[in-house]
């Protein structure tokens, strides 16, 4: 996802704040954000097995 495409999803965020966030996100070599598929209910991490 390009910076411009990501910026278009949050127009209400001030530019300076967006720049700080964008600069902190891991990006690939062509400076695009790697967008991963969100986990679904069936493949979400189950932390309940670690409960004590």
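In my numbering, the protein residues as written are 15 to 66.
Just so it is clear, CB atoms sit at the ideal spot from N, CA and C, and this is done for glycine as well.
None of the values given here were measured: they were computed from a predicted structure.
Only residues of its own chain outside the window of five on either side were considered, and among them 32 have a CB closer than 7 Å to the CB of residue 21, listed in chain order. One Cα belongs to residue 36, the other to residue 28, and the distance between them is close to 12 Å. For residue 17, the uninterrupted alpha helix (DSSP H) run begins and ends at 17-23, by DSSP.
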